[in-house]
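Novice: First the structure, which I've put down as structure tokens, then a few questions once you've had a look.
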Amino acid sequence: MTRNKDVTQSKDLTGTYDVVVVGGGAAGLSAALVLGRSRLRTLVVDAGEPRNAPSAHMQGYLTRDGMSPAEFLALGRQEIARYGVELVRDRAVDVSRDEDFAVRLVGGETVRARRLIVTTGLRDELPTVPGVAERYGRDVLHCPFCHGWEVRDERFGVLATSPLSVHQALMVSGWSDDVTLFLHTVAERELSDDDLRRLAAAGVKVVPGEVAALRIEDDRLTGVRLADGTAHDRTVVFVAPKAVPQTGLMERLGAQLQETPFGAYPVVDPTGRTSVPGVWTAGNAMGLAEQVVHAASGGYRAASAVVGDLIMSDLDAAVAE
Ligand SMILES: Cc1cc2nc3c(=O)[nH]c(=O)nc-3n(C[C@H](O)[C@H](O)[C@H](O)COP(=O)(O)OP(=O)(O)OC[C@H]3O[C@@H](n4cnc5c(N)ncnc54)[C@H](O)[C@@H]3O)c2cc1C
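With my numbering applied, the sequence shown covers 311 to 631.
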């Protein structure tokens, strides 16, 4: 193990790192902080496209409620630098394993590591309705825990893309009494009797028919226009993007995945250890429900397991000698 005493290491990327963390969001930076403080030679490779970038504010992280996601990550990068952790702005495009892991970067370099922590998050695929992508993170939202308080009591629409959108409509009814579920691509017959009873109990209005576009005026969402030409005044629209987990690197190493209704994620133990020896994961690369606070916590947990794993494996090697 390389004892990391230097807080201003150069980034020559040569030699073998103790740990390479792929992804520098909340999960990766939190892991890197623990690794740096454990004196491990650590590199973070980060493409710099965190999932919550469309939002100006990050909510629900104790003591950081309302901070901008960019500022949160910038502070994280400052903190890991204090412990000599290196960070490169690059994308890992391939990985293989012989004695160590060899991670190939899009910039052409290959970095080597004894252990890997993959915190590459997930990509949100938005419904292709005009207006949705432009307003995403502002008045087109996906998560009431992230933004519900900020838009409480406004006129909500929910753009259904599957019968699961009923659940979203029921959830957001906790933040407003004025909720309309636009069925869009979902047929009325796909809703169960239970769905209909709960929607009625929550006071959610159900509107069948395809949504043609969102109405945007003066840089604000003001309504939803249906393909039949009718319009409904709404100031907020909730959508459920399709989650595309960024698990390619782990798959390349043969990691076992498990299907969920929200994509296929690696099978992990409670520390985030995947089925591939030496590879851990955390944050949205591990599951859709990982909010920032969970991602940071998962990164910590994975990193401390990696530290223990390296110490024990070095001790075992010493004993064997
Ligand atoms: C619009 C929006 C608003 C949100 N608001 C909130 C909120 O208010 N509060 C909250 O708790 N949660 C919020 N979330 C959820 C939050 O985004 C996630 O919980 C959090 O981003 C998960 O952190 P992560 O580190 O797992 O992934 P990310 O933050 O997505 O970080 C992953 C990083 O890995 C990099 N990466 C990916 N692939 C590679 C690769 N191959 N090589 C190198 N780097 C790579 C990415 O570029 C990115 O920088 C929101 C989500 C969205 C979509």
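Virtual Cβ for every residue (Gly too), placed ideally from N, Cα, C.
Just checking, does the segment 335-350 make contact with the segment 425-433 on the three C-beta pairs under 8 angstroms criterion?
Specialist: They touch, by the three-pair rule.
Novice: Relative to the alpha-carbon of R349, which residue among E381, D579, I390 and M377 has its alpha-carbon at the smallest distance?
Specialist: Your numbering for residue 349 matches position 39 in the sequence shown. For the residues E381, D579, I390 and M377, the minimum Cα distance to R349 belongs to I390.
Novice: Inspect the CB distances between the segment 571-580 and the segment 590-606 and report whether three or more fall short of 8 angstroms.
Specialist: Touching, yes, given that three or more Cβ pairs across the two stretches are closer than 8 angstroms.
Novice: Just list the residues that DSSP pairs Q568 with in beta bridges.
Specialist: The residue labelled residue 568 in the question sits at position 258 within the sequence shown. Answer is Y575.
Novice: Given 7 angstroms as the limit, tell me if Y327 has its C-beta closer than that to any heavy atom belonging to ligand 1.
Specialist: Residue mapping note: residue 327 aligns to position 17 of the sequence shown, counting from 1. Because no heavy atom of ligand 1 lies under 7 angstroms away, the Cβ of Y327 does not count as near it: no.
Novice: Measuring straight from C-alpha to C-alpha, what distance separates F411 and N594?
Specialist: As a first step, residue 411 must be located in the sequence shown, where it is residue number 101. As a first step, residue 594 must be located in the sequence shown, where it is residue number 284. One C-alpha to the other measures close to 22 angstroms.
Novice: Could you tell me if the beta carbon of R562 falls within a distance shorter than 7 angstroms of some heavy atom in ligand 1?
Specialist: Mapped onto the sequence shown, residue 562 falls at position 252. No, the beta carbon of R562 sits no closer than 7 angstroms to any heavy atom of ligand 1.
Novice: Flag E396 as yes when its Cβ comes closer than 7 angstroms to any non-hydrogen atom of ligand 1, and as no otherwise.
Specialist: Residue 396 sits at position 86 when you count from the first residue of the sequence shown. Flag unset: Cβ of E396 not near ligand 1.
Novice: To the nearest angstrom, report how far apart V617 and V578 are at their CA atoms.
Specialist: The sequence position of residue 617 within the sequence shown is 307, counting from 1. The sequence position of residue 578 within the sequence shown is 268, counting from 1. The straight-line gap from Cα to Cα measures roughly 17 angstroms.
Novice: So, does the segment 368-380 touch the segment 319-333, judging by three or more C-beta pairs under 8 angstroms?
Specialist: Flag = no, the segment 368-380 and the segment 319-333 do not touch.
Novice: Can you give the Cα-Cα distance for S614 and A606, rounded to whole angstroms?
Specialist: Counted from its first residue, the sequence shown places residue 614 at position 304. Counted from its first residue, the sequence shown places residue 606 at position 296. Computed Cα separation, rounded: 12 angstroms.
Novice: Check W459 in the structure and name its three-state DSSP category.
Specialist: Position 149 of the sequence shown holds residue 459. Of the three classes helix, strand and coil, the one that applies to W459 here is helix, per DSSP.
Novice: In the structure shown, what three-state DSSP assignment does L383 receive?
Specialist: Stepping through the sequence shown from its first residue, residue 383 is reached at position 73. L383 falls in the helix class under three-state DSSP.
Novice: Within 7 angstroms: the Cβ of Y393 and any heavy atom of ligand 1?
Specialist: Residue mapping note: residue 393 aligns to position 83 of the sequence shown, counting from 1. Checking the Cβ of Y393 against ligand 1 gives no.
Novice: Distance, Cα to Cα, V482 vs V586?
Specialist: If you number the sequence shown from 1, residue 482 lands on position 172. If you number the sequence shown from 1, residue 586 lands on position 276. Taking the straight line joining both Cα atoms gives about 39 angstroms.
Novice: Along the chain, where does the beta strand (DSSP E) that runs through Y327 open and close?
Specialist: In the sequence shown, residue 327 corresponds to position 17, counting from 1. Y327 -> beta strand (DSSP E) spans T326 to V332.
Novice: Could you tell me if the beta carbon of H452 falls within a distance shorter than 7 angstroms of some heavy atom in ligand 1?
Specialist: Taking the sequence shown and counting its residues from 1, the one referred to as residue 452 is at position 142. H452 Cβ: within cutoff of ligand 1.
Novice: So, using beta-carbon positions, are L536 and E520 closer together than 8 angstroms?
Specialist: Your numbering for residue 536 matches position 226 in the sequence shown. Your numbering for residue 520 matches position 210 in the sequence shown. Against a cut-off of 8 angstroms, the Cβ pair of E520 and L536 comes out as a contact.
Novice: Under a three-way DSSP split, which group does A612 fall into?
Specialist: The sequence position of residue 612 within the sequence shown is 302, counting from 1. Note: A612 maps to helix in three-state DSSP.
Novice: Any chance the CB of L559 is under 7 angstroms from a heavy atom of ligand 1?
Specialist: Working through the sequence shown from its first residue, we reach residue 559 at position 249. Yes, ligand 1 has a heavy atom inside 7 angstroms of this Cβ.
Novice: What's the C-alpha gap between R448 and G386?
Specialist: Here residue 448 refers to the residue found at position 138 when the sequence shown is read from its first residue. Here residue 386 refers to the residue found at position 76 when the sequence shown is read from its first residue. Rounded to whole angstroms, R448 to G386 spans 24 angstroms at the Cα level.
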